[in-house]
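Peer 1: No gaps in the numbering here: position 112 of the sequence shown is 112 in the UniProt record's numbering, and each next residue is one more.
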Amino acid sequence: MDRHYDLVVLGGGAIGLSAALSAAETMNGHPVIPGHRILIIDQFEFGNDQSSSAGRTRQFRYQYSQPYMTELVMQSVPLWKDLSDRAGFSLISDSGSLWFGHADLTTTEGGIGAAKKTMSQLGIPSQDVSAQDLEQRFGFSGLPDDYAGFLQPNGGTIDLESTIDVLLRECHKHGIHMVSNERIDDIGEFGGHVVLTSATQRYVGASLVITTGPFINETLAPFGHRAPVKIWDMVSCYYPIQSSKAASLPTWFAFHQSPDGSPDLYYGFPPVDNGPPGHMRVCPDYPFAVYDDPRTRRTPSDDDFAGTTEWVRRHMPSLRPEPAYQSRCMLALSTTEQPLFMDLISRGPNVAVCAAGWCAKVAPELGRLSAQLALRGQTTTDITPFRLET
Ligand SMILES: Cc1cc2nc3c(=O)[nH]c(=O)nc-3n(C[C@H](O)[C@H](O)[C@H](O)COP(=O)(O)OP(=O)(O)OC[C@H]3O[C@@H](n4cnc5c(N)ncnc54)[C@H](O)[C@@H]3O)c2cc1C
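1. Pick out the complete beta strand (DSSP E) segments inside the stretch 175-258, 3 residues or longer, and give them in chain order.
2. Specify the secondary structure class of residue 148 as computed by DSSP and reduced to three states.
3. Please state the DSSP three-state secondary structure of residue 119.
4. Leaving out five residues before and five after residue 368 in sequence, what residues of the same chain have Cβ atoms less than 8 angstroms from its Cβ?
5. By the three-class DSSP mapping on this structure, what secondary structure does residue 68 have?
6. Taking a contact to mean a Cβ-Cβ separation below 9 angstroms, would you say residue 268 touches residue 53 in this structure?
7. Run the CB neighbour count on residue 136, radius 10 Å, all protein chains shown included, and call it buried at 16 or more, exposed below.
8. Near residue 150, which residues of its chain fall below 7 angstroms by C-beta distance, leaving aside the five closest residues on each side in sequence?
9. Between the Cα of residue 236 and those of 280, 262, 201, spot the shortest distance and give me the residue it belongs to.
10. Residue 160 and residue 263 - do their beta-carbons sit closer together than 9 angstroms?
11. For the stretch 60-80 and the stretch 109-124, state whether three or more C-beta atom pairs, one from each stretch, are separated by less than 8 angstroms.
12. Would residue 339 and residue 74 qualify as a contact pair, given that the criterion is a beta-carbon distance under 9 angstroms?
13. Would you say residue 362 touches ligand 1, meaning its beta carbon is less than 8 angstroms from a heavy atom?
14. With a Cβ-Cβ cutoff of 9 angstroms, do residue 184 and residue 36 count as a contact?
15. When you compare each of 326, 353, 375 to residue 49 by their alpha carbons, which one comes out closest?
16. Please classify residue 352: is it buried, with 16 or more other beta-carbons within 10 angstroms of its beta-carbon, or exposed?
17. Do three or more CB pairs link the stretch 302-321 to the stretch 270-285 at distances below 8 angstroms?
18. Cβ of residue 214 within 8 angstroms of any heavy atom in ligand 1?
19. In chain order, which continuous runs of the beta strand (DSSP E) of length 3 or greater are located wholly inside the stretch 322-350?
20. Roughly how many angstroms separate the alpha carbons of residue 102 and residue 373, rounded to a whole number?
21. Using alpha carbons as the reference points, say which of 296, 57, 261 lies closest to residue 232.
22. Check whether the Cβ of residue 159 lies closer than 9 angstroms to any Cβ atom in chain D.
23. In three-state terms, what does DSSP make of residue 163?
24. Restricting to runs no shorter than 3 residues, where is the beta strand (DSSP E) found entirely within the stretch 29-115?
25. Kindly give me the distance between the Cβ atoms of residue 34 and residue 122, rounded to whole angstroms, as I take these residues to be in contact under 8 angstroms.
26. Going by DSSP, name the residue or residues bridged to residue 367.
27. Which whole-angstrom value is the C-beta distance of residue 139 and residue 245, which I expect to be below 8 angstroms?
Right, here's the structure in full:
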């Protein structure tokens, strides 16, 4: 027998869970949808490590080349505070966010010069950091003499694992129907409703939010849409700390350049309570594999994190360059200038999609906007920069 809902959320990662929770609560004075009229469905366990919300930590930062992205981060702050209150502790540490390196390098994360401009345009505090500070205060070594940057004191580390836990708990509390380990193979429209079909069941929704992360194009296919993305598979490592300088680092991002002039980017986190004690996570900001189809995923080899270990060996004397633990994650990344995609893809039943980009930091806000879009056909924030070009 078909199961009917007011809202179906396809994909139970950070953004999908946020969308469902937001729909179960008051939306700018609009009526609440009772939790039992909302369904979240995922092909794996909730909190799985096979999609984009895998792993313990993410960087929270205001640095963006596009002021509208920084504004989205600012809009997310009260939602993070609310989630932190429910967790009973802060889900974002305030260690600060250090950006340094080659000032003119432009990357998928933006660049130092453009981000600095956004900071001053929006009145966001930042402190300049010199090459000398990078060595003496932050403990990096062997960097080119012209490297410099800035520290944004309100950035930090998102505890993504606990964020997912809180979102799941709150969704349960609202009585939201949650189905795991069931893959939706087809989506159709019938009689003004959306019909989602798995191997064993049909679900009917008046509205649908699609937040399927790296699987976005598989789920958009029945609508004849395609997001311009590539799927990055990434592996990062935890390295043993051998000097106290590492433990006091903020989150950091190095806009490093290879000898041939191409970007060679790394970033890292201070140690976290739920991470391996005495270790620091250092990550490459480049993939070890790129796919069109995330279901063709391969396992990384030691060679795939050799570049990260070499960065640690050359530039981070406070760490031992011996990778102890790995962490993997897959991400849909835009192949255009657009940082992420959010759009309404159907007019009858409202079908909203939200995917791609470095979006953990804005997940609560993107969830809220996606739910608004699916339920009301419009959002309280202008999403023009995120619309899918057809
Ligand atoms: C290595 C890495 C580092 C990152 N660093 C940062 C960072 O520092 N700061 C930051 O802000 N962001 C960062 N991000 C991005 C951030 O993690 C993602 O933007 C965010 O987690 C996306 O969440 P989501 O809910 O959209 O997708 P996901 O977490 O991928 O959830 C999608 C869900 O949909 C389910 N699904 C897909 N297809 C189907 C189907 N057919 N049927 C049922 N279920 C389906 C999947 O199983 C999955 O659980 C990083 C990402 C990676 C991979």
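Note that CB positions come from ideal geometry on N, CA and C, so glycine has one too.
Peer 2: By the coordinates alone:
1. Taking only runs of at least 3 residues, the beta strand (DSSP E) segments lying wholly in the stretch 175-258 are 177-179, 186-190, 193-197, 202-210, 229-240, 251-255.
2. Strand, per DSSP.
3. Correct three-state label for residue 119: helix.
4. Closer than 8 angstroms at the Cβ level, and outside the excluded window around residue 368, lie 18, 19, 22, 27, 79.
5. Secondary structure of residue 68 (DSSP, three-state): helix.
6. No, the pair does not count as a contact, with Cβ atoms beyond the cut-off.
7. Exposure of residue 136 is indicated by the presence of fewer than 16 other C-beta atoms within 10 angstroms of its C-beta.
8. Correct list, in chain order: 99, 116, 126, 127, 128, 129.
9. Relative to residue 236, the option among 280, 262, 201 whose CA is nearest is 280.
10. Taking 9 angstroms as the Cβ cut-off, residue 263 and residue 160 do not qualify as a contacting pair.
11. In the pairwise beta carbon analysis, the stretch 60-80 is classified as touching the stretch 109-124: at least three pairs are separated by under 8 angstroms.
12. No; because the gap between Cβ atoms is not below 9 angstroms, this pair is not in contact.
13. Remark: the C-beta of residue 362 is in contact range of ligand 1, defined as less than 8 angstroms to any heavy atom.
14. No, they are not a contact pair.
15. It is 326 whose Cα lies nearest to the Cα of residue 49.
16. Classification for residue 352: buried.
17. Taking a contact to require three or more Cβ pairs closer than 8 angstroms, the stretch 302-321 and the stretch 270-285 qualify as touching.
18. True, at least one ligand heavy atom lies under 8 angstroms from that Cβ.
19. For the stretch 322-350, whole beta strand (DSSP E) runs of length 3 or above, ordered along the chain, are 325-334, 341-346.
20. If you take the alpha carbons of residue 102 and residue 373, they lie about 39 angstroms apart.
21. When only C-alpha atoms are compared, the closest one is 296.
22. In the structure shown, chain D does not exist; there is a single protein chain.
23. Three-state DSSP puts residue 163 in a helix.
24. 38-41, 57-60, 97-101, all fully within the stretch 29-115.
25. That pair is no contact at about 39 angstroms.
26. According to DSSP, residue pairing for residue 367 in a beta bridge does not occur.
27. That belief holds up - the Cβ atoms of residue 139 and residue 245 are roughly 3 angstroms apart, short of 8 angstroms.
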